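Trainee:
There are 2 protein chains.
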Amino acid sequence: MSTPVRTAAPRRATINDVAREAGTGKTSISRYLNGEMNVLSPDLRARIEAAIVRLHYQPNQMARGLKRGRNRLIGMLVADLTNPYTVEVLQGVEAACHALGYMPMICHAANEVEMERRFLALLTTYRVEGVIVNALGVGEDMLRPLGNGGIPVVLVDRSVSGLEADMVGLDNTAAAQVGTRHLLERGFDEICFVVQPFDNVSSRRQRQAAFGDVMRDVSGAHGLTVVLDLNDEASVGRALAALDHTVDAAAAAGRRIAWFAANAPVALRVALHLKARYGAHWQERVALLSFDDPDWAELAGISTIRQPTCDIGYRAVEFLSQRIDGATEAARDCLLAGELIVRASTGR
Amino acid sequence: MSTPVRTAAPRRATINDVAREAGTGKTSISRYLNGEMNVLSPDLRARIEAAIVRLHYQPNQMARGLKRGRNRLIGMLVADLTNPYTVEVLQGVEAACHALGYMPMICHAANEVEMERRFLALLTTYRVEGVIVNALGVGEDMLRPLGNGGIPVVLVDRSVSGLEADMVGLDNTAAAQVGTRHLLERGFDEICFVVQPFDNVSSRRQRQAAFGDVMRDVSGAHGLTVVLDLNDEASVGRALAALDHTVDAAAAAGRRIAWFAANAPVALRVALHLKARYGAHWQERVALLSFDDPDWAELAGISTIRQPTCDIGYRAVEFLSQRIDGATEAARDCLLAGELIVRASTGR
DNA sequence: CTGTTAGCGCCTTCAC
DNA sequence: GTGAAGGCGCTAACAG
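Respectively, the protein sequence lines represent chains A and B.
Numbered according to the working numbering, the first sequence terminates at residue 362, and the numbering increases by one at each position without gaps.
Numbered according to the working numbering, the second sequence terminates at residue 362, and the numbering increases by one at each position without gaps.
(1) Assuming Gln105 (chain B) contacts Gly327 (chain B) (C-beta within less than 8 Å), just tell me the rounded distance between them.
(2) Given Arg337 (chain A), which residues of its chain have a CB within under 6 Å of its CB, disregarding the five upstream and five downstream residues?
(3) Any idea if Met51 (chain A) is buried or exposed, counting beta-carbon neighbours within 10 angstroms, 16 or more meaning buried?
(4) Is there at least one Cβ from chain A nearer than 7 Å to Gly79 (chain B)'s Cβ?
(5) Taking the Cβ atom as the reference point for each residue, do Met117 (chain A) and Arg82 (chain A) lie within a distance shorter than 7 Å?
(6) In this structure, what does DSSP give as the bridge partners for Met90 (chain A)?
(7) Name the chain B residues that come within less than 7 Å of Tyr140 (chain A), Cβ to Cβ?
(8) Let me confirm a value: Pro279 (chain B) is counted as buried when at least 16 other C-beta atoms fall within 10 Å, else exposed. Which label applies?
(9) Specify whether the region 198-209 of chain A and the region 269-276 of chain A touch according to this definition: at least 3 beta carbon pairs, one from each stretch, less than 8 Å apart.
(10) Under 8 Å Cβ to Cβ from Thr323 (chain B), same chain only, skipping five residues before and after it: list those, please.
(11) On the three-state DSSP scale, how would you describe Ala267 (chain B)?
(12) With a cut-off of 8 Å on the beta carbons, I'd call Leu351 (chain A) and Ala188 (chain A) a contact; round off their distance for me.
(13) Note down the Cα distance separating Val174 (chain A) from Val152 (chain A), rounded to an integer number of angstroms.
(14) Tell me whether Glu108 (chain B) sits in a helix, a strand or coil according to DSSP, three-state version.
(15) Going by the C-beta, is Glu63 (chain A) closer than 6 Å to any heavy atom of the ligand FAD?
(16) Quick check: is the beta carbon of Gly361 (chain A) nearer than 7 Å to any beta carbon in chain B?
(17) If we define contact as Cβ-Cβ less than 7 Å, is Gly83 (chain B) a contact residue for chain A?
(18) Quick check on the burial criterion: 16 or more other C-beta atoms within 10 angstroms. Buried or exposed for Glu63 (chain B)?
(19) Contact between the region 252-270 of chain A and the region 283-293 of chain A: three or more CB pairs below 8 Å?
(20) According to DSSP, is Thr17 (chain A) part of a helix, a strand, or is it coil?
(21) Suppose the cutoff is 8 Å on Cβ atoms and the five residues either side in sequence are ignored; what does the same chain contact list for Val170 (chain B) look like?
(22) Opposite Cys206 (chain A) in the DSSP bridges: which residues?
(23) Are there three or more Cβ pairs, one per stretch, closer than 8 Å when the region 129-136 of chain B is compared with the region 289-298 of chain B?
(24) Between B:Arg26, B:Ser42, B:Gly79, B:Ala93, which has its C-alpha nearest Asn245 (chain B)'s C-alpha?
(25) Determine, for Arg20 (chain A), whether the minimum Cβ-Cβ distance to residues of chain B falls below 7 Å.
(26) Helix, strand or coil: which one does DSSP assign to Ala165 (chain A)?
(27) Buried or exposed for Val215 (chain A), going by 16 or more other Cβ atoms inside 10 Å?
(28) Going along the region 142-159 of chain A in order, which residues come within less than 7 Å of chain B, judged by CB to CB distance?
(29) The region 89-119 of chain A: which residues have C-beta closer than 7 Å to a C-beta of chain B, in chain order?
(30) Since Ile88 (chain B) and Glu143 (chain B) are thought to touch, with beta carbons under 8 Å apart, how far apart are those beta carbons, to the nearest angstrom?
(31) Tell me which residues of the region 39-51 of chain B have at least one Cβ-Cβ distance to chain A shorter than 9 Å, keeping chain order.
(32) From Asn125 (chain B) to Thr96 (chain B), what distance separates their C-alpha atoms?
(33) So, helix, strand or coil for Ile338 (chain B), using DSSP?
(34) What residues from the region 298-319 of chain B come within 8 Å of chain A, judged by C-beta to C-beta, listed N to C?
(35) Going along the chain, which residues of the region 205-222 of chain A sit with their C-beta nearer than 9 Å to a C-beta in chain B?
(36) Using 7 Å as the limit for Cβ to Cβ distance, is Gln336 (chain B) near chain A?
Right, here's the structure in full:
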């Protein structure tokens, strides 16, 4: 038993239809929709209710938004949905939106700066009430127009130089310290920090800096930072060659080396390389630790630093909501603590 | 050097402002916005251009949509963004939307049927022009209102009984046959098909049926289907116990058994269990093959059946677009071919 | 080529 | 308590 996709009358009922059906004016319908029940006689109220049901009426958010100047839409610009971190943050965002009555418009830029620009313009065009940004290439210049247009911005995971906006993310410095010290305690005095280009991404910068600081403070310890751009195969090749060299050198000295990946995509990339080069037992050559805690980390037995992703998303929406409601205090930074999860790769 | 998030005048320029600034009427502005350049004198056109830049004018999509009855918004309802399959389909959807000038509103129901219902209502409320659905619990009853309201629906990965709508997804039967035969060829005559509850999900049903059919046709082969509900730990426990039993029995007979996971989340769950039970070398006990091809499959060396996810998303939008443009032909099913990727788990 | 006039569906004074 | 009238920002006939 199947029925056609669309039937006769695609025209949806409007507030006028309901008013006529209920034998009243549209004002009362509007009042009903906005919950001003105390200003409606029980009788009228019942008639309206019935009319709405009979006509399958659903108010048009767009028209509503046009009139009152707010449409309950917020934009969520993310650089990479492929990164589990992003999806987890999203869950927090969605939960908070649900709780606060917002609808998130999720924009996935797929690591392309041009896309980010396009989406930001698009969001403005749809008059979202606020925007949460976890992007790659957006700078102060792209975000300022929003601010000037009265659209508040909350940054996730990374700040944007020159822009004073609320930010929520991991306490990168503390987390990188914990991770680095963990490796040192496990007896690794030679550690490679593997990170994507970090000049324009504050979180990567902070992680790298904290790693470097800890290593510098420990005598006999030797820290190396290797930059790897996942969007540039040539760069990846060079970085992996440099990394391979560290493995060989360590092996020659009869030691195992530790690599510290600045996020999950990097960890996956280097792990795949190690597996291709050394086979299934690559972990005997390299001890891998990674920021983020993707689901495959447990399967692969890789130690990680888990971020409070869900909280991050939730807090971002809360901040945004406050700004939308007119909060005018100075920009806030909300840094949440990470959690070191020790597995076989660096464990025992 | 940092500056405050919001400055004085949050009021955005409207078409009227631009008209005044350019010394003309709003009609001309509207024409300019809609690209009717051939109907504008070069002079007027230049003035408008200048005014728009000077005022940082950006047309309001909402108002525009309200007037012309279409807002270029399409809804994308997905059950689980945690599943890499979903994200990949999304990429196709986004690409197609970009190409066709639509903006997808992504709704993530996080495997909760109640959420799916809510989002569907919300999308209607925002008057999206069409909806792409890859959900769990939505049935004909939840989708029909959209159709009646003139909002076309395209299904992804699974059909909905009683609803005649375009559908695009994997050719499950062929893919399951290929996978099953691959295992048989590798010498496994005992295979467990592990799948989430499939009564209400057509794709799972088809995969299971094709598996069963192939196994039945081969004498000496023994196929078992184990149902595992990832949202119900008790169910998972029972399923894993049953699965463990197959491993033990096979081991007692000096054989290795094969498990065939109906999707990536299932594969991950059972792999984690195997690792916990048998240690890092669990693959010596069980040969795992899985639908979907998550990025960790390569790392873990697990054979998979990769779906043409990106195409699926792209086609879904194309179908939807045609319906939005008024196509009225009978509902179409678009079944795309999968690709078997042999790795160590079942390889050589 | 250009401007004037109605609304799209809804909310919001302001009277009754 | 209730309704009529005006307008949010924009488009789409009509006239000129």
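Backbone N, C-alpha and C fix where the C-beta goes; we use that ideal spot for every residue, glycine too.
These numbers were taken from a predicted model, which means no experiment stands behind them.
Mentor: Concretely, from the data shown:
(1) 6 Å between Cβ atoms; contact.
(2) Closer than 6 Å at Cβ, skipping near neighbours: Pro166.
(3) Exposed: under 16 other Cβ atoms inside 10 Å.
(4) With 7 Å as the cut-off, Gly79 (chain B) counts as an interface residue toward chain A.
(5) Contact: no.
(6) Partner(s): A:Ile120, A:Ile146.
(7) Contacts between Tyr140 (chain A) and chain B, judged by CB atoms closer than 7 Å, involve Gln75, Met76 in chain order.
(8) Taking a 10 Å sphere around the C-beta of Pro279 (chain B), we find 16 or more other C-beta atoms and assign the residue as buried.
(9) In short, these stretches touch, since the Cβ pair count reaches three.
(10) Cβ neighbours of Thr323 (chain B) beyond the five flanking positions: Tyr99, Glu102, Val103, Gln105, Gly106.
(11) Shown here, Ala267 (chain B) sits in coil according to DSSP, grouped into three states, outside any helix or strand.
(12) Looking at the sequence provided, one finds Ala at residue 351 (chain A) rather than Leu. About 7 Å separates the two Cβ atoms, so the contact holds.
(13) Going from the Cα of Val174 (chain A) to the Cα of Val152 (chain A) covers about 8 Å.
(14) DSSP, read as helix, strand or coil, puts Glu108 (chain B) in helix.
(15) Ligands are entirely absent from the displayed structure, and the ligand FAD is therefore not among its contents.
(16) So no, Gly361 (chain A) is outside the interface.
(17) No, Gly83 (chain B) does not count as interfacial toward chain A.
(18) Residue burial is scored here from C-beta neighbours: Glu63 (chain B) has fewer than 16 other C-beta atoms within 10 angstroms and is therefore classed as exposed.
(19) Yes, they touch.
(20) In this prediction, Thr17 (chain A) has a pLDDT of 43, which is less than 50 and means its spatial position is unreliable; nothing more can be read from the coordinates.
(21) Val103, Ile146, Val147, Asn148, Met181, Val182, Gly183, Ile326, Gly327, Ala330, listed in sequence order.
(22) Residue pairing from DSSP places Cys206 (chain A) in a beta bridge opposite A:Leu238, A:Trp273.
(23) By the criterion of at least three beta-carbon pairs nearer than 8 Å, the region 129-136 of chain B is not in contact with the region 289-298 of chain B.
(24) Nearest C-alpha to Asn245 (chain B): B:Ala93.
(25) In this prediction, Arg20 (chain A) scores a pLDDT of 41, lower than 50, which makes its location untrustworthy; no coordinate-derived value is stated.
(26) The sequence given here has Ile at residue 165 (chain A), not Ala. Three-state result, Ile165 (chain A): coil.
(27) Counting every other CB atom within 10 Å of its CB across the protein chains shown gives Val215 (chain A) a total of 16 or more, marking it as buried.
(28) Here the close residues are Pro159.
(29) Those residues of the region 89-119 of chain A that come within reach of chain B (Cβ to Cβ, closer than 7 Å) are Leu95, Thr96, Val101, Leu104, Gln105, Glu108, Met117, Met119.
(30) Right, their Cβ atoms sit about 6 Å apart.
(31) Correct list: empty, as no residue qualifies.
(32) So the two alpha carbons sit approximately 10 Å from each other.
(33) Helix, per DSSP.
(34) Listed in chain order, the positions of the region 298-319 of chain B with a beta carbon within less than 8 Å of a beta carbon of chain A are Pro308, Asp309, Trp310, Glu312, Leu313, Ala314, Gly315.
(35) Contact residues of the region 205-222 of chain A toward chain B are absent (C-beta to C-beta distance below 9 Å).
(36) So, not an interface residue.
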